[in-house]
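K.L.:
Chains as they are written, first to last, in the working numbering: chain A, 169 to 427; chain B, 3 to 379.
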Amino acid sequence: MYVAGIDIGSIYSKAIILKDNQVVGSLVKRTGGEIKVASQKLIEEVLMPLGLQAADLRAAVATGYGRISVPFAQKQVTEISCFGRGIGHLFPYVRTVIDIGGQDSKGIKIDDQGSVDDFVMNDKCAAGTGRFLEVMANALEVKLEDMGLLALLSNSPEEIGITCTVFAESQVISLVAKGRPKVDIIAGIHQAIAERIVSMVKMIRIEERIAITGGGAKNIGLVRELEKKLGSKVIVPEEPQLIGAYGAALFAQDLARNE
Amino acid sequence: MAIEQLLARFNAAVAEPYAEAKKRKEQGQKVIGWLPTDVPEELIHAAGAFPVGVLGTNEHIYLADAHLQTWACSLMRGCLEQGLNGNLDFLDGIIIPHTCDTTRMLVGIWRHALSTPYIDNYLMPRQIDRPSARTYLKGELARLKDNLEKCTGKVITNEALKDSINVFNANRTVLRRLYEYHSTNTAVISSRMLYTVIKAAMFMDKAEHTTLVEELLKELANISTSNDKRVRLAISGGVWEPPEILDMIEELGAVVVADDLLTGARYMGPDVIADGDPLDALAVRQLNRIPFGGFDSTTRERRGFLVETAQNAGVQGMVFLHLKFCEPENYDYNDMREAMNKAGIPNIRLETEYANTSLGQARTRLQAFIEMMGGSK
Chain A
169 MYVAGIDIGS
179 IYSKAIILKD
189 NQVVGSLVKR
199 TGGEIKVASQ
209 KLIEEVLMPL
219 GLQAADLRAA
229 VATGYGRISV
239 PFAQKQVTEI
249 SCFGRGIGHL
259 FPYVRTVIDI
269 GGQDSKGIKI
279 DDQGSVDDFV
289 MNDKCAAGTG
299 RFLEVMANAL
309 EVKLEDMGLL
319 ALLSNSPEEI
329 GITCTVFAES
339 QVISLVAKGR
349 PKVDIIAGIH
359 QAIAERIVSM
369 VKMIRIEERI
379 AITGGGAKNI
389 GLVRELEKKL
399 GSKVIVPEEP
409 QLIGAYGAAL
419 FAQDLARNE
Chain B
3 MAIEQLLARF
13 NAAVAEPYAE
23 AKKRKEQGQK
33 VIGWLPTDVP
43 EELIHAAGAF
53 PVGVLGTNEH
63 IYLADAHLQT
73 WACSLMRGCL
83 EQGLNGNLDF
93 LDGIIIPHTC
103 DTTRMLVGIW
113 RHALSTPYID
123 NYLMPRQIDR
133 PSARTYLKGE
143 LARLKDNLEK
153 CTGKVITNEA
163 LKDSINVFNA
173 NRTVLRRLYE
183 YHSTNTAVIS
193 SRMLYTVIKA
203 AMFMDKAEHT
213 TLVEELLKEL
223 ANISTSNDKR
233 VRLAISGGVW
243 EPPEILDMIE
253 ELGAVVVADD
263 LLTGARYMGP
273 DVIADGDPLD
283 ALAVRQLNRI
293 PFGGFDSTTR
303 ERRGFLVETA
313 QNAGVQGMVF
323 LHLKFCEPEN
333 YDYNDMREAM
343 NKAGIPNIRL
353 ETEYANTSLG
363 QARTRLQAFI
373 EMMGGSK
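1) Note down, one range per segment and in chain order, each alpha helix (DSSP H) of at least 4 residues found wholly within the region 26-86 of chain B.
2) Should residue 377 of chain A be labelled buried (16 or more other beta-carbon atoms within 10 Å of its own) or exposed?
3) Under 8 Å, CB to CB, which of the residues in the region 44-75 of chain B have a partner in chain C?
4) Does the Cβ-Cβ distance between residue 202 of chain B and residue 232 of chain B come in under 8 Å?
5) Check each candidate in B:69, B:286 and B:259 and name the one with the smallest Cα separation from residue 277 of chain B.
6) Per the DSSP calculation, residue 239 of chain B is bridged to which residue(s)?
7) Please work out which residues of its chain come closer than 7 Å, Cβ to Cβ, to residue 302 of chain B, disregarding the five sequence neighbours upstream and downstream, and give them in chain order.
8) Answer yes or no: does any C-beta atom of chain B fall closer than 8 Å to that of residue 438 of chain A?
9) What's the call for residue 114 of chain B, buried or exposed, on a 16-neighbour Cβ count within 10 Å?
10) With a Cβ-Cβ cutoff of 8 Å, do residue 380 of chain A and residue 391 of chain A count as a contact?
11) Starting from residue 374 of chain B, find everything on chain A with Cβ-Cβ shorter than 7 Å and list it in chain order.
12) Of all Cβ atoms in chain A, is any one closer than 8 Å to the Cβ of residue 128 of chain B?
13) Thinking just about the alpha-carbon of each residue, which of A:344, A:332 and A:326 is nearest to the one in residue 352 of chain A?
14) Residues of chain A with CB closer than 7 Å to the CB of residue 369 of chain B, please, in chain order.
15) Suppose only complete runs of 4+ residues qualify. What are the alpha helix (DSSP H) ranges in the region 201-256 of chain B, listed by chain order?
16) Taking residue 148 of chain B as part of the beta strand (DSSP E), name the residues at either end of that continuous run.
17) Out of A:229, A:288, A:385 and A:364, which has the shortest C-alpha to C-alpha gap to residue 373 of chain A?
18) Measure from the C-beta of residue 221 of chain B to each C-beta in chain A and report whether the shortest distance is under 8 Å.
19) Taking the beta strand (DSSP E) that residue 316 of chain B falls in, what are its first and last residues?
20) Closer than 8 Å, CB to CB, is residue 331 of chain B near chain A or not?
21) How is the alpha helix (DSSP H) around residue 185 of chain B delimited, first residue to last?
22) Can you give me the C-alpha to C-alpha distance between residue 456 of chain A and residue 278 of chain A, rounded to a whole angstrom?
23) Considering just the uninterrupted stretch of the alpha helix (DSSP H) at residue 416 of chain A, what are its terminal residues?
24) Excluding the 5 residues flanking residue 110 of chain B on each side, which residues of the same chain have their C-beta closer than 7 Å to its C-beta?
25) Which chain B residues sit within Cβ distance under 7 Å of residue 249 of chain A?
26) Are the region 338-345 of chain A and the region 222-239 of chain A in contact at 8 Å, needing three or more beta carbon pairs?
27) List the residues of chain B whose Cβ lies closer than 8 Å to the Cβ of residue 335 of chain A, in chain order.
28) Where DSSP assigns a beta bridge to residue 408 of chain A, which residues make up the other side?
29) Give a yes or no on whether the C-beta atoms belonging to residue 146 of chain B and residue 45 of chain B are separated by under 8 Å.
30) If residue 254 of chain B sits next to residue 93 of chain B, beta carbons under 8 Å apart, how far is it from one beta carbon to the other, in whole angstroms?
31) Taking the alpha-carbon positions, what's the residue 379 of chain B to residue 258 of chain B distance?
32) Does the CB of residue 414 of chain A have a neighbour CB from chain B at under 8 Å?
33) Could you list which residues in chain A have their beta carbon closer than 7 Å to that of residue 353 of chain B, in chain order?
34) Is there a C-beta anywhere in chain B that falls below 8 Å from the one on residue 287 of chain A?
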């Protein structure tokens, strides 16, 4: 019995295929313009090596901001519940999930079943999200995937105010113009993002242990900075970007079993 | 009238909030506008004028930006916008209550930027259980009465005021009955419809509104209640804006059965007990209204009231629906959230704005919240 979890994020779309509890396929792809088309391509591509088609799936659950535009999904579940479920399944001792996505960041409190007890999410603002890092990487002409490592090289991070992505970008550009070392600016950016995320997540009273998910968890500089601000070592799953899709796939499995 | 026809009347009143007021104006009646919240409409009514609520706009706001910072709440910016774009030119007067810093400053801006013939600011006591509150408020109501008499050219007799109080009490009574009906028969009319009926009272002739709600109640009495499995929610905050938020709650598998909104439960109760001095009775009603972020009471705290309201209505969760930049709500929120958590009532805060077209994130939060309580579509 095959089931799928599809997570359509603002920047990346993710898919997980489960066969009897085991992950047999996964894929991460840029979302692009038309979500309906993107989700079709995503499922075709992830199923191709398995010799399957969407019609062969017993169930599919969609999550992420594009969840309402996935034609082959029987159910939509929010990314908040999916991240909780995915982490709860993999790490039952985790009580707080911090998800750093492309468009928003979230703090999610879960119980040992991965059920959500409480959550908090950033408002309509890119500061403290993956998008912010992307904008800054562009402004500094550095590859996004190099940002985290570069941040670790700094000994005296710059102070970056992070009230707003647009203001922060012009601040970064003026620091570059002043000839400040890029690594210090990058380290400052990571500090600012971590501050923003931690102050938001504190609204739900953080309990250990803490897991970090989403594309932002792949940034080692950000993870280290978050650990410093949280005063706690965090758990980063092997594929942090795929946790939402994994949780969705677990919900799809429930759906298939209850049929 | 059939239920659909009755509901269409309320919908029409909310869609065209100034239609009745303009008709009255054409017929030679004075029209006095009021801003939220708590302006004693009975005084306007007793002076023979037509009271009409001015409750912001979901149209684009830009003229107000020249006078009021964009980080003031969109409710007050929207009220000012309507003054500036000429939509309120028909008013003979406007009463702006002082409920927060923005409303306090708005009166001055209104005087400076607009030429409404009569502009007044209504100053209610903020510490409502201080010994001086009742006496002070009576004096303030007497001042308002004098000014309304000057504006309308009509003396407000005790008798006329008592009659007006009865008209408004009758309206509150039918609204409360409808509210109670909806709380147990949630599947018959939608949450948005219930709140539309309440809001319509702010724009329509009160006696006519009362008659229509009575008719509606008669029709509804014949409808047997179905078993509604949706998640029961309470809402706390200022206004149910943008209105789509209520549709969204229902689409996502929940229903609103309790609130403390200015355009909801706060508009209804309690009645004015008008056997003695009617001004004193109006003052007492004001001091006994359900708690609101703009006022403070040590004996009847808002957080305790909210927990009680949520428990009495048997809700599974509380949505704090706050207007962005609403300071009274921002300051109250922490205490209220803690009280909810302590009482074991799941809660979520959503910040919305008038004229806000992007509700995608609010949808995700609401859906996750409803999923958290075991409900889903």
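For each residue, glycine too, the CB sits at the ideal point set by N, CA and C. Only a predicted model underlies this, so the values are computations on that prediction, with no experimental measurement involved.
P.N.:
Let's see:
1) Those alpha helix (DSSP H) runs which fall completely within the region 26-86 of chain B and span 4+ residues are 43-48 and 76-86.
2) By 1-based counting over the first sequence, the position of residue 377 of chain A is 209. With fewer than 16 other Cβ atoms within 10 Å, it is exposed.
3) No chain C is present in this structure, whose protein chains are A and B.
4) Counting from 1 along the second sequence, the entry for residue 202 of chain B is found at position 200. Counting from 1 along the second sequence, the entry for residue 232 of chain B is found at position 230. No.
5) Against the second sequence, residue 277 of chain B aligns to sequence position 275. Nearest of B:69, B:286 and B:259 to residue 277 of chain B, Cα basis: B:286.
6) Locating residue 239 of chain B in the second sequence gives position 237, where the first residue counts as 1. Paired residues: B:323.
7) The residue you call residue 302 of chain B lines up with position 300 of the second sequence. Here residue 302 of chain B has 293 as same chain residues with Cβ atoms under 7 Å from its own Cβ, once five neighbours each way along the sequence are excluded.
8) A question about residue 438 of chain A goes unanswered here, because the residues of chain A that appear run from 169 up to 427.
9) One-based indexing of the second sequence puts residue 114 of chain B at position 112. Residue environment: residue 114 of chain B is assigned as exposed (fewer than 16 neighbouring CB atoms within 10 Å of its CB, all protein chains considered).
10) Looking up residue 380 of chain A in the first sequence gives position 212. Looking up residue 391 of chain A in the first sequence gives position 223. Their beta carbons are under 8 Å apart, which means residue 380 of chain A touches residue 391 of chain A by this criterion.
11) For the purposes of this step, residue 374 of chain B is taken as the residue at position 372 of the second sequence. In chain order: 284.
12) Locating residue 128 of chain B in the second sequence gives position 126, where the first residue counts as 1. Chain A, which has no Cβ nearer than 8 Å to the Cβ of residue 128 of chain B, makes this no.
13) Position 184 of the first sequence, counted from the start, is the residue given in the question as residue 352 of chain A. For the options A:344, A:332 and A:326, the alpha carbon positioned closest to that of residue 352 of chain A is the one of A:326.
14) Residue mapping note: residue 369 of chain B aligns to position 367 of the second sequence, counting from 1. Near residue 369 of chain B (Cβ distances below 7 Å), the residues of chain A are 246.
15) List check, alpha helix (DSSP H) in window: 208-223 and 246-253.
16) The residue given as residue 148 of chain B occupies position 146 in the second sequence. Premise fails: residue 148 of chain B lies in the alpha helix (DSSP H), 135-154, not in any beta strand (DSSP E).
17) In the first sequence, the residue the question calls residue 373 of chain A occupies position 205. Out of A:229, A:288, A:385 and A:364, A:288 has the C-alpha closest to the C-alpha of residue 373 of chain A.
18) Sequence index remark: in the second sequence, residue 221 of chain B carries index 219 (1-based). Answer no: the Cβ-Cβ gap between residue 221 of chain B and chain A never drops below 8 Å.
19) Taking the second sequence and counting its residues from 1, the one referred to as residue 316 of chain B is at position 314. It is not in any beta strand (DSSP E) - residue 316 of chain B carries neither H nor E in the DSSP assignment.
20) Against the second sequence, residue 331 of chain B aligns to sequence position 329. Chain A, which has no Cβ nearer than 8 Å to the Cβ of residue 331 of chain B, makes this no.
21) For the purposes of this step, residue 185 of chain B is taken as residue 183 along the second sequence, with counting starting at 1. Annotation for residue 185 of chain B: the continuous alpha helix (DSSP H) segment containing it runs 160-186.
22) The question about residue 456 of chain A has no answer here: the residues shown for chain A are numbered 169 through 427.
23) The count along the first sequence starts at 1 and reaches residue 416 of chain A at position 248. Here the alpha helix (DSSP H) through residue 416 of chain A covers 411-425.
24) The sequence position of residue 110 of chain B within the second sequence is 108, counting from 1. Answer for residue 110 of chain B: no residue qualifies.
25) On the first sequence, position 81 is the one that residue 249 of chain A refers to. 370 and 373, listed in chain order.
26) Taking a cut-off of 8 Å for Cβ pairs, the region 338-345 of chain A and the region 222-239 of chain A do not touch, as fewer than three such pairs fall below it.
27) As a first step, residue 335 of chain A is located in the first sequence; it is residue number 167 there, counting from the start. The premise fails here: residue 335 of chain A is roughly 15 Å from chain B at the closest Cβ pair, so nothing lies under 8 Å.
28) Position 240 of the first sequence, counting from 1, holds the residue named residue 408 of chain A. Under DSSP, no beta-bridge partner is assigned to residue 408 of chain A.
29) Translated into the one-based positions of the second sequence, residue 146 of chain B becomes position 144. Translated into the one-based positions of the second sequence, residue 45 of chain B becomes position 43. Contact flag set, yes.
30) As a working mapping, residue 254 of chain B is identified with position 252 in the second sequence. As a working mapping, residue 93 of chain B is identified with position 91 in the second sequence. Wrong, their Cβ atoms sit about 39 Å apart, outside the cutoff.
31) As a working mapping, residue 379 of chain B is identified with position 377 in the second sequence. As a working mapping, residue 258 of chain B is identified with position 256 in the second sequence. The pLDDT assigned to residue 379 of chain B is 49, lower than 50, so where the model puts this residue is not dependable; a value taken from the coordinates is nonetheless given after this. Cα to Cα, residue 379 of chain B sits roughly 16 Å from residue 258 of chain B.
32) Within the first sequence, residue 414 of chain A is the residue found at index 246, counting from 1. Residue 414 of chain A does not count as touching chain B.
33) Looking up residue 353 of chain B in the second sequence gives position 351. Against residue 353 of chain B, the close residues of chain A are 291, in the order they occur along the chain (beta-carbon pairs closer than 7 Å).
34) The residue labelled residue 287 of chain A in the question sits at position 119 within the first sequence. Yes, because at least one Cβ of chain B sits closer than 8 Å to the Cβ of residue 287 of chain A.
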